[in-house]
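The structure under discussion appears below in the form of structure tokens.
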Amino acid sequence: MAATAPPTTVTLTIDGQEVTVPRGTLVIEAARQIGIEIPVFCYHPKLSLVGACRMCSCEIQMPPPPGQQPRPPGILTACTTQVAPGMVVNTLGPQSTKHREAVIEFLLINHPLDCPVCDAGGECPLQDNSHAWGPKESRFEEHKRLARKGAPLSPLVVLDQERCIVCYRCTRFMAEVPGQAELDFFSRGFSSQLRTIDDQPMKSHFQGNIIDLCPCGALTSETYRFKARPHDLDHADSVCAQCPVGCNMIIDSRSNEVVRVRPRQNEAVNEIWLCDKGRFGQYYFSSKERIAQPHVRQDDQLRPASWSEAIGSAAVALQGVKGRYGGQAIGVIGGRNLTNEDCYALARFASEVLETPNVDHRTGARHTAANPLAEHGLDAFNSPFVDAEGAGAIMLLGTDVYEEMPVFWLRIRKGVKNGAKLIIANPRATEADRVAFHRLRHRPGAELAVLRGLLAALVESPPLEGPAAVEASPPAALEGTQPAQAPPPPTRDLSGLRDALGDASVEGAAEACGVTAETLRAAAATLAGARNPLIYVGARLAIRADAPGLAAALVNLATALGQRRAVSFFPEGANARGAALAGLVPGEGGLPAGEIIAQAAAGKIKALYLVGENVLATHPDAEQARQALANAEVVVVHELFPTETAALGATVVFPATSLGEKDGTLTNAEGRIQTVHYALRTESSARPDWRILSDLSGEMGASLGYAAAVEITRDLLADVPAYAPLADGAIPAEGVIVRQHGGEASDGTGTGGPNASWGAYVPIPEGPALAPPPGQEGLTLVTYGELLGDESTLQDVPEVLEMVPEPYVEVNRQDAARLGLTEGRLVRLRTARGGVERRLRVNGRCPVGVCYTPDNLGRPRVNMILDWAQPFPTVTLEPVREGVAAEALAEAGD
Amino acid sequence: MAQTPPPASPAPDGAPQGAPPPAVPFERVLTAAMGQPGSHELDHYLRRGGYVGAHKALTSMTPEEVIKVVTDSKLRGRGGAGFPAGIKWSGTRGNPAPRYLVVNADESEPGTYGNRYAMDTDPHMLLEGMIICSFAVGINLAYIYIRGENLHGYETLELAVRQARERGYLGRGLFGTDFNLEIYVHRGAGAYVCGEETALMESLEGKRAQPRTRPPHPFQVGGGLFGRPTVVNNVETLMCVPHIIVRGAEWFAAIGSPNCPGPKVYCVSGNVNRPGIYEAPMGLLLSELIFGDEYAQGVPGGRAVKAVSPGALASPLISGGELEVKLDVDAVRAPPYRTQLGAGGIIVYDDSVCMVELLLRAEQFFAHESCGKCVPCREGTHWMVDVLRRITAGRGREKDLDLLNNVAGNMSGLPFHQRTLCALADFAAGPMMSAIGKFREDFDYHIREQACPQQRQLAHA
Amino acid sequence: MAFVELKAPPPPGNPVSEAVADLTAIAKGLGLTLRYFFTKPVTLQYPEERPSLPARHRGRHELERHENGLEKCVGCELCALACPAKAIFVQGAENPPEAPISIGERYAETYVVNMIRCIFCGFCVEACPTEALQLKRVFELADYSRESMIFTKEMLLAPRPKREREDSWLPG
């Protein structure tokens, strides 16, 4: 293809205007550049070309071959025709307008014309183009086609086949962008019907996007269906806080209720996509379940109270603990889902008012280093999202990115389409495995051994110096994408690495992690041979006890690949990056969040201040969390919903406002600070977290003195060094990436950052043994997060709840056969702590000897049976008899 | 919607036995084996001088020489578009390997059945043509995409491929050279649109059979099969190739029309005394084909010819007064005929045929077979069927004729307009517009009298 | 402003003819009064007497029904969009197929007209694509509270037809 041709430009004439564009540009894009909009239905810049609707046809006159007469202009589609030198395009010529009129007439003969009823009415390309280009009246007098109406494609998306104009946008999106071809047209021609494969409901996390793409109202949203018309809506530019991607969105509300959420274009973050949790998971802003007023505990019962009473009693209680035991006896957890303003206010409150170092935003964290890479002079996340598009190899370690950061998965997938080789190290098969180049199925908890193996393989056969290391020819698809940074001169002297590695061998590591030495060597070779390799590590690894060792090994790996910035950790919450920057990290001698709970249970921490943290459901040992709440003298909770933590243990509960009701900023995984605007008025007495903290600090005699979020933003930007470039307070609409470490060093050999050893290999500390010794009775239990978990944000929308899977446990076929269990059985997971019931899923995704269950689904949560001392517990599975009355069970038991 | 039944097949001995026209000594080469039992066997083909051309090309010629001979022979594609085969081959050869050859054997046009008989009687001639083409273009993998309903043809081809592979005519190191070729036979799933080359390739790739956008063209990277440069040729085109190699380009170029030379297999059906397959020089007069003694021998009962579809159902109609047209690609395209030769399926309608009923049947076929990708074709074909159905049901209106003509015009892209991705819309629109233009009285009668002008309806033939 | 030319008063004329002219004028004026004395009075003794309204008088809104009793309104909100006084609020909802309310897929779950705001321009009627909304000839809308001037859907809906036509062509 044109990959080898030098990039040149082409000059052509469109509607009398000369325009010069790069070779290979489509006529429609060239016209767009000079402000000429050509009507389209099937064309979409993010999707492949089909040329199906023929709406964009223009009169295009090709330059005649030398020595020949020019041919008369022909009608060609502007969306599939590439520019040519000397081409003359007439977008408004009589032939093309006549043709467009014919296309509209053809389209409308079988379109129901029920615009007054249709949700798309008022924002429908078919409607707009019909007004602009269509005939005045139809000559069609036959019967219109009848087809399925109101047919659900999933609990979220509804199809009206009669309205469908068969533009293939939805099927192309599903097949090309997330790569989940769950939709296709069945039958042909006039009777083409959009259907899901085998008529099963769609399961993708990205199905909401086809509603945006549909140009005619055939696909509508179940949650927005008939709720409003476009002109009713109030719009607010916001940022999604359901995961650390930080997708830009527009919240559309009517009568102070969220009615729908649309993506807002930000090419650097989410392009124009949203995942279904982001799109359908924002209705909780206007939930009826929200806590409406403060509560205080009296006679072991929470009772409603006024704000002044609640603040007063919280202040007295906290002052009492502080006075009696000192600030060290107070633990503060929260912030990963709050705005930067709330985080900063909380950090100041903890250090200035409570005077405690026990502050953390990472629930369940076992070590104090909020950013395990910090000691190596790196940020937690060291490359912009867009870099994934131009990577030669991408390694995913310990993450199911499809569930963890879905929209970033689309970016990685784009990178894979552009030629990146995907290496996945995960005990369990994930969605990403479908396009993986290497799959390293290691034992649970053996990530460090995998990294050791890769490093040993690199030492065995060091990557070549110079251009040979770079792939022979970059894939042609890379053209036109944002040019990646020039690859730095590779550092290929691996003697330092050999020393850092000690006596580790590939075989030894293979033995330890359960991946064959062959696979490790192949994966290492792929990484070594790729330009711009990138390594992404799951958030769960960052808070594990062996995180410092993992970080050291990863830094060594990245350095050996000549790209020290290649490694990035995913954050543990939507605004975890912002919380860390704002200072919600353990201070000098402070405890990590998990230890705060453990110490509270042990009676050493006397007061807990929990901001948006339902520790009973999220701390990986529910019993310990329960004890912590029971033993703490004071528990102050900020919450949106009446959670079990608030109900069981809170001394004072403050109702907080949701993200949709506040102004502020969020900082996403890549460190991009973005602005959030409020969409709704708060109807209850709930207050923003920063305001509660400010009021409470005033009551405690050391007022933070904030009266508006913007004051905090100003202080935050001025106070946190990473935000220094923004100190003037102006955050552009697309956000700005901020760097905490090594901002000045841009290559692998630089010496920037606080640590002088930047660029050198570092010793790898041995982590604690995580996995239980093999050969034990039962299965090793691994927990992870499911995207549609944490139902409290979804609880008001039954359509979304239908998408939430029934709490399940995943077991390998071999184990299931051995245990005599079958798919769909209800089983009880039992440890020494007790049992929880889960639906059994039997498949080949899960490794033998291991069972997987999401820890953010189902009540009780699986943390009921977890033990803080055992990160990978052993569980037994026993079948539960269903449909049998409790008495019968009891009798059987007797 | 039922598909139009295939035309009555002639008996094997129905093949012409008579001498070629005296003016030009013409020897049947493509249908030479027709009627000979066992002609599909490799041994039979070898006895008739089979694989000599392939041997000659591979052992004594360079690929460039082969392409030059084919170019010099002025061989043009027999599938309908009439694109010069040599130019297509050299264009593909100019693009990087791997390259593919796809034989379009999806002969699904009502009224064409020449390829079916050719593949049944002489499958090895096709394989030999494919070997030569692959050698010339530098192809190591070739596919035959055969119409799914043609089970017999598929089995014959599979047998032929197996026999050729056993004898070393396919596989590794053909004829002692280092040239390798593998051929796969693929059955379609019953879609007319698969006869269009890009839809055929989509189908071959396992996708929905829908035409692709062009450019990139099939001979370019990104446009062909699996995104690679691909030669797509008709069965008959490739069957001509061994003879060109053996007998030389001059022999071929001297047959028939100077611009479009060579032998051509015409399939005659409809109201004629002797329907069947006739090999004749390109450029035979249509009247000769219909009335000639060695050809179809006239219309039963001595009735007058009312209309002819020269390129099967999809071509604009020729009226009975225009029979003195030379049947070659260029001549039928020229005014006043403005029609297409297609793959050479000639359907003759005598004066007992009502054009409205005929058009309804034809448009039902195209509406059923429209793949639905492009709007004008998907909606237009169906609209025309609805209107025609109303007219035949006696509820026609005066303005319906203008409407039909206008709808057909809005679908038809010829000559310079790409109103749709493939020619199916033109196929549906062409007969419609020509019928309204030339046989308007049938439509008028239907609308005025609310009845068919003919006593008998169009027979199932 | 233009100058006004001051003119001298007209010279005094014949006193007799002037007197005749004056009397004629008085007679004319009194004649007019006398004529109206015998015509039908314009003033209406409302509310004892009822006014006769023009055929196209624009009064109170009514939401019409089809002959089979289903509502004509499909909740499209075009009336609310057209309303220059923002007097109309409509909230649509999905029409339950088992017990349909309107004939479309959608119906108006809430339909409210604020009669204080309404200026009776009739734009809503013109905007209505299903001819569901009509301005009836009811004009007596005065009441004592603002709340009671907010007309809900129940107040606006036309009564169900006495005998619902089963053979109606309409779906539902």
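From first to last, the protein sequence lines stand for chains A, B and C.
Residues 863 to 1756 (this note's numbering) are what the first sequence spells out, left to right.
Residues 444 to 904 (this note's numbering) are what the second sequence spells out, left to right.
Residues 634 to 805 (this note's numbering) are what the third sequence spells out, left to right.
The C-beta atom is built at its ideal place from N, Cα and C for all residues, glycine as well.
Just so you know, these numbers come straight off a predicted model, no measurement behind them.
Residue environment, residue i, which counts as buried when at least 16 other CB atoms sit within 10 Å
i: Thr785/C; result: exposed
i: Ile1059/A; result: exposed
i: Ala1694/A; result: exposed
i: Val636/B; result: buried
i: Phe1505/A; result: Rather than Phe, the amino acid found at residue 1505/A in this sequence is Thr. Buried, since its Cβ has 16 or more Cβ neighbours within 10 Å.
i: Val1178/A; result: exposed
i: Gln989/A; result: buried
i: Phe670/C; result: exposed
i: Glu800/B; result: buried
Length of the line joining the Cα atoms of residue i and residue j
i: Arg1314/A; j: Val1368/A; result: 8 Å
i: Ala1338/A; j: Gly670/B; result: Any reading at Ala1338/A is ruled out, since the residue's pLDDT is 39, under 50, leaving its predicted position unreliable.
i: Tyr543/B; j: Asp486/B; result: 28 Å
i: Thr1642/A; j: Ala1291/A; result: 16 Å
i: Pro674/C; j: Leu686/C; result: 17 Å
i: Val1742/A; j: Val1673/A; result: 16 Å
i: Glu1129/A; j: Arg1273/A; result: 10 Å
i: Gly1610/A; j: Ala1366/A; result: Low per-residue confidence applies at Gly1610/A: pLDDT is 40, beneath 50, and the placement is therefore not dependable enough to give any value.
i: Cys1375/A; j: Leu1566/A; result: 51 Å
i: His1481/A; j: Arg1224/A; result: 10 Å
i: Asp1295/A; j: Ala1385/A; result: 14 Å
i: Gly1041/A; j: Arg1383/A; result: 29 Å
i: Val580/B; j: Thr1261/A; result: 48 Å
i: Leu732/B; j: Tyr738/B; result: 5 Å
i: Glu1606/A; j: Gly1239/A; result: Bear in mind that a pLDDT of 44 at Glu1606/A, under 50, signals an unreliable position, so the number given afterwards is only what the model happens to contain. Roughly 11 Å between the two C-alpha positions.
i: Asp1677/A; j: Val1710/A; result: 6 Å
Counterpart residues of residue i in DSSP-defined beta bridges
i: Cys1713/A; result: Leu1643/A and Val1673/A
i: Ser735/C; result: Glu704/C
i: Cys920/A; result: Leu938/A
i: Arg1124/A; result: Ile1112/A
i: Lys1283/A; result: Ala1255/A
i: Asn676/B; result: Val546/B
i: His1500/A; result: Val1473/A and Phe1516/A
i: Arg1703/A; result: Glu1672/A
i: Gly614/B; result: Leu624/B
i: Leu790/C; result: Leu696/C
i: Gly619/B; result: None; Gly619/B has no bridge partner.
i: Pro527/B; result: Arg519/B
Whole-angstrom C-beta distance between residue j and residue i, which should lie under 8 Å
i: Val1659/A; j: Tyr1086/A; result: About 11 Å separates the two Cβ atoms, so there is no contact after all.
i: Pro794/C; j: Glu700/C; result: 6 Å
i: Met725/B; j: Pro704/B; result: 6 Å
i: Leu790/C; j: Glu704/C; result: 7 Å
Quiz item: Going along the chain, which unbroken runs of the beta strand (DSSP E) with 3 or more residues stay wholly within the segment 693-780 of chain B?
Solution: Counting only runs of at least 3 residues, the segment 693-780 of chain B fully encloses the following beta strand (DSSP E) elements, listed from N- to C-terminal order: 706-713, 719-724 and 748-756.
Quiz item: What beta strand (DSSP E) runs, 3 residues minimum, are completely inside the segment 1158-1204 of chain A?
Solution: Correct list: 1163-1166 and 1192-1196.
Quiz prompt | Secondary structure, alpha helix (DSSP H): runs of 4+ residues fully inside the segment 1025-1086 of chain A | solution = Listed in chain order, the alpha helix (DSSP H) elements of length 4 or more contained wholly in the segment 1025-1086 of chain A are 1031-1038 and 1071-1075.
Practice problem: Please go through the segment 1390-1459 of chain A and give each complete beta strand (DSSP E) segment of 3 or more residues, from N-terminal end onward. | Solution: Qualifying beta strand (DSSP E) stretches, in chain order: 1395-1399 and 1429-1431.
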